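Residue numbers (UniProt numbering): 1 to 431.
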């Protein structure tokens, strides 16, 4: 039955709405749900609207509330359908854009050059090397507006962090370390539910959109990629990591993924990260952590990859809960591969340079011990590189000790001189 004929057959104007609801609406929704890609549903509504207008001739009684409601539906429904189709066409169509029309954007940083905003940063290490403590320190810096390892420029106002962890306990580990590092707990959020989140869980985008964090940490990232995903298959990991990368850029969040190294210990700093090379390809910055060979409690944070700026210095630090958790101990230019070579006692630098550095150290340690800062400054003045100095120190068996009194400076000690007392106060003050 045509719509116009259906309406004209109704003799009683008060009964036509019942006919509409029994005949018209089911027909509309049937077409709309089954023939979405045709104009059938649109024509149906338009035909009804035209017939309805003709039937309601000028001079007739005003529309009832029910009639007003129905009268407005055709145009609204047609507009909604057309908008949906237009959006679908836009999604299906991929157009070229002239580079001159692309808006140039500046890179923004949480902590330059280590942690960019709107990008993914990877922090990798072996278990027990301080990566969780380091990220708690970073979170504390963001929450209070402090500089991260004295890096400038930095955001000098407090920001928010979402810390998601599937390894450490929230109350007995994460919160305690945050407190030690001086964090403002009001600016830090986490999830205590036992339900496991994934990178593509809708809640992740909701958290970014609603909480508006400056920093979001996934510890470890393997827990959020999905148990069914083969970590070594690029086609499996690309979609998951690509999604979190898109969200980071969309909401301007600095995302940090904590990773583990493979167990065999083979490969360089890049290929040693557990999983597919796509994992490393998706990140714009990569920092590696590890222990400094021959140093008591000394750790390093090396900047192994930087796609947006030149690589930063390797930062040395110690973990000391009694002194604020993370204690800055200096910088150098050694990479993780350098430290691995030192640990394995492999000579990468030429032998003559190392031998000369060994003689330099012996000659400048007449009492068998000296402040590490002094020796490093002297080495730099004599154009002995940090890498060569470190290897010479390793071959000589020099150990590093901390003085027992303030300011707790590091002292390098030759074998056999471990029991001697610290340097005279006058010598230390004349540095």
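Every residue gets a Cβ at the ideal spot worked out from N, C-alpha and C, and that includes glycine.
The structure presented is a predicted model; accordingly, all values stated were derived computationally and were not measured.
Setting aside the 5 residues that flank it on each side, residue 189 is surrounded in the same chain by 160, 161, 162, 163, 207, 211, 213, each with a C-beta closer than 8 Å to its C-beta; the list follows chain order. Here residue 136 has 177, 178, 181 as same chain residues with Cβ atoms under 6 Å from its own Cβ, once five neighbours each way along the sequence are excluded. Under DSSP, residue 94 shares a beta bridge with no residue. Relative to residue 326, the option among 109, 122, 141 whose CA is nearest is 141. If you draw a straight line from the Cα of residue 118 to the Cα of residue 415, it comes to about 49 Å. Remark: fewer than three beta-carbon pairs, one from each stretch, lie closer than 8 Å, so the stretch 310 to 328 and the stretch 358 to 375 are not flagged as touching. Distance from the CA atom of residue 343 to the CA atom of residue 293, rounded to whole angstroms, is 6 Å. Following the DSSP letters along the chain, one finds residue 227 in no alpha helix (DSSP H), marked with neither H nor E. For residue 282, no pairing in a beta bridge is given by DSSP. The C-beta distance from residue 304 to residue 316 rounds to 16 Å, too long to fall under 8 Å, and the pair is not in contact. Residue 122 sits close to residue 273, with the two beta carbons spaced by under 8 Å. Annotation: the continuous beta strand (DSSP E) that includes residue 326 extends over 325 to 332. With respect to residue 259, residue 124 sits close: the two C-beta atoms are nearer than 8 Å.
Straight through space, the alpha carbons of residue 387 and residue 378 are spaced by roughly 14 Å. Here the C-alpha atom of residue 103 lies approximately 11 Å from the C-alpha atom of residue 97. Ranked by Cα distance from residue 355, the options 339, 364, 391, 338 are led by 391. Remark: C-beta atoms of residue 313 and residue 297 do not approach each other more closely than 8 Å.
Boundaries around residue 377 are those of the alpha helix (DSSP H), 372 to 381, since no beta strand (DSSP E) includes it.
For residue 315, no alpha helix (DSSP H) run applies; the uninterrupted beta strand (DSSP E) run containing it begins and ends at 314 to 320, by DSSP. Between residue 215 and residue 155, the CB-CB gap reaches or exceeds 8 Å.
Here residue 354 carries a helix assignment [DSSP, helix/strand/coil].
With distances taken between CA atoms, residue 353 lies nearest to 384 out of 339, 324, 384. Buried is the label assigned to residue 131, since at least 16 other Cβ atoms lie within 10 Å of its Cβ. Taken in chain order, the complete beta strand (DSSP E) segments of 3 residues or longer contained in the stretch 111 to 157 are 120 to 125. Within its own chain, the residues whose Cβ lies closer than 8 Å to the Cβ of residue 249, once the five positions on either side in sequence are excluded, are 118, 119, listed in chain order. In terms of CA proximity to residue 290, 337 leads the group 413, 337, 112, 310. In the structure shown, residue 336 adopts helical secondary structure according to DSSP, grouped into three states.
The three-state secondary structure of residue 180, taken from DSSP, is helix. Taking C-beta separations shorter than 7 Å and ignoring five residues to either side along the sequence, the partners of residue 191 in its chain run 164, 197, following chain order. Checking the DSSP bridge columns, you'll see residue 201 has no partner listed.
Excluding sequence positions up to five before and after residue 286, its CB lies within less than 6 Å of the CB of 122, 304, 305, all in the same chain and listed in chain order. Less than 8 Å divides the Cβ of residue 205 from the Cβ of residue 247. The alpha-carbon of residue 239 is positioned some 14 Å away from that of residue 222. Beta-carbon to beta-carbon, residue 375 and residue 361 are separated by about 7 Å, close enough to satisfy the 8 Å threshold. Distance from residue 220 to residue 184 at the Cβ level is roughly 25 Å; contact not present, criterion being Cβ atoms closer than 8 Å. Residue 244 and residue 340 have their C-alpha atoms spaced approximately 32 Å apart.
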